[in-house]
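**Q** For the sequence shown, the UniProt record's numbering begins at 1 and goes up steadily by one.
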Amino acid sequence: MTRTLAGVTSDWTATLPAKRMGAALLLRDGSDRILLVEPTYKPYWELPGGVVEAGESPRQAAAREITEELGLSVVPGRLLVVDWVPPRDGRTDGLMVVFDGGRCGDPVRLAENELRSWAWCDPGQAAQRLLPLLARRAAAALHAVRTGATVYLEDGREPAADIEGRGSDDA
Numbered sequence: 001m002t003r004t005l006a007g008v009t010s011d012w013t014a015t016l017p018a019k020r021m022g023a024a025l026l027l028r029d030g031s032d033r034i035l036l037v038e039p040t041y042k043p044y045w046e047l048p049g050g051v052v053e054a055g056e057s058p059r060q061a062a063a064r065e066i067t068e069e070l071g072l073s074v075v076p077g078r079l080l081v082v083d084w085v086p087p088r089d090g091r092t093d094g095l096m097v098v099f100d101g102g103r104c105g106d107p108v109r110l111a112e113n114e115l116r117s118w119a120w121c122d123p124g125q126a127a128q129r130l131l132p133l134l135a136r137r138a139a140a141a142l143h144a145v146r147t148g149a150t151v152y153l154e155d156g157r158e159p160a161a162d163i164e165g166r167g168s169d170d171a
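Structure (structure tokens):
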């Protein structure tokens, strides 16, 4: 048995629930358009990124995915968005994070086995191409870049002030 500094065995954590996790980058061009990608294995567009593998940090995953899918070497910047997505359509709940990818002027090299196409989109074009949940997440990421904030979302929306009916005055 391995012990931690707190005296709790590390085996205990194996019994805790696990969440799937994804990481994406918000990449912008000189006109403030954002880069969207169209995966070959999904019927919709999204921000570039992917699954956080076991033992990998979200930042590492975002950088790895951008290199694998687009041939770009980007060091993820600050965290822009954390979005908890509830279970649906045979998927478990998960945490999706978006990091600032900064400005990108480098040529994109598609991994054709993973991506069908890519496009620079202004906010209106992005909203048309993305699913509503993903459009809300991308808009929140743009807002975070402009304001210096980090945004917490639940299902792509800022959550209500109360949790399970408890107002802010409740302990």
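The beta carbon of each residue, even a glycine, is placed where N, CA and C say it ideally should be.
Note that the structure is predicted; figures quoted are calculated from it, not measured.
#1: Counting only runs that start and end within the region 10-85, where is the alpha helix (DSSP H) found for 4 or more residues in a row?
#2: Hey, is Leu-27 close to the ligand SAM, as in C-beta under 7 Å from one of its heavy atoms?
#3: Give me, in chain order, the residues of the same chain whose beta-carbon lies closer than 6 Å to that of Leu-131; leave out the 5 immediate sequence neighbours on both sides.
#4: Determine the DSSP secondary structure at Leu-134, reduced to helix, strand or coil.
#5: Is DSSP giving Tyr-152 helix, strand or coil here?
#6: From which residue to which residue does the alpha helix (DSSP H) around Ala-126 run?
#7: If you pair each beta-carbon of the region 52-60 with each one of the region 114-127, do three or more pairs fall below 8 Å?
#8: Mind checking who Asp-106 pairs with in its DSSP beta bridge?
#9: Could you give the DSSP three-state label for Ala-139: helix, strand or coil?
#10: In terms of DSSP beta bridges, what is Gly-94 paired with?
**A** With the given structure in hand:
#1: Within the region 10-85, the complete alpha helix (DSSP H) runs of at least 4 residues are 58-70.
#2: The model depicted lacks the ligand SAM and carries no ligand whatsoever.
#3: In the sequence shown, residue 131 corresponds to position 131, counting from 1. Same-chain partners within the cutoff: Tyr-44.
#4: Mapped onto the sequence shown, residue 134 falls at position 134. Here Leu-134 sits in helix by DSSP.
#5: Along the sequence shown, one-based indexing puts residue 152 at 152. Reduced to three states, the DSSP call for Tyr-152 is strand.
#6: Indexing the sequence shown from 1 puts residue 126 at position 126. Taken as a continuous stretch (DSSP letters only), the alpha helix (DSSP H) holding Ala-126 covers 123-129.
#7: no
#8: Counting from one through the sequence shown, the residue named residue 106 turns up at place 106. Its beta-bridge partners do not exist; DSSP assigns none.
#9: Here the question's residue 139 lines up with position 139 in the sequence shown. Reduced to three states, the DSSP call for Ala-139 is helix.
#10: If you number the sequence shown from 1, residue 94 lands on position 94. Its beta-bridge partners are Arg-20, Val-85.
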